[in-house]
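Residues in the sequence shown are numbered from 14 upward in steps of one, following my numbering. These notes are about the structure you will find just below.
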Amino acid sequence: MADIMLAIGGALLLLGILLPGSLSKANRAWMMLGVLMGRVMSPIILLLVYVFAFVPVGILMRLKHHDPLRRKRSDAESYWIEREATNDPARGMLNQF
14 MADIMLAIGG
24 ALLLLGILLP
34 GSLSKANRAW
44 MMLGVLMGRV
54 MSPIILLLVY
64 VFAFVPVGIL
74 MRLKHHDPLR
84 RKRSDAESYW
94 IEREATNDPA
104 RGMLNQF
């Protein structure tokens, strides 16, 4: 099997060196196959990343009742976080929000 693949590869190499235009249709077909594979595989890979990375973190945060944005304060009139005033401008830029 390796001998057959080596012979095919050598023939394509020689053909590409001697007559480079003759492989343009094969190159175009190969590139279109790559584009098609990218369109199919990218959503699948992103779905797997979402399912195995973000969903477990969200489930754990809900189970622990962790609210990093502090949205579930029922007694709050506003979500504004009061900060202490400072005269030092450099220190005032540390925690802006």
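Glycine included, every Cβ here is placed at the ideal spot set by N, Cα and C.
Terminal residues of the alpha helix (DSSP H) in which residue i lies
i, result
"L76", "V68 to L76"
"A98", "Per DSSP, A98 belongs to no alpha helix (DSSP H) and is neither H nor E."
"R84", "Here R84 belongs to no alpha helix (DSSP H), and DSSP marks it neither H nor E."
"G22", "A15 to L31"
"S37", "S37 to V62"
Pick from the options that is closest to residue i, judged by C-alpha positions
i, options, result
"W93", "P102, M50 and R83", "R83"
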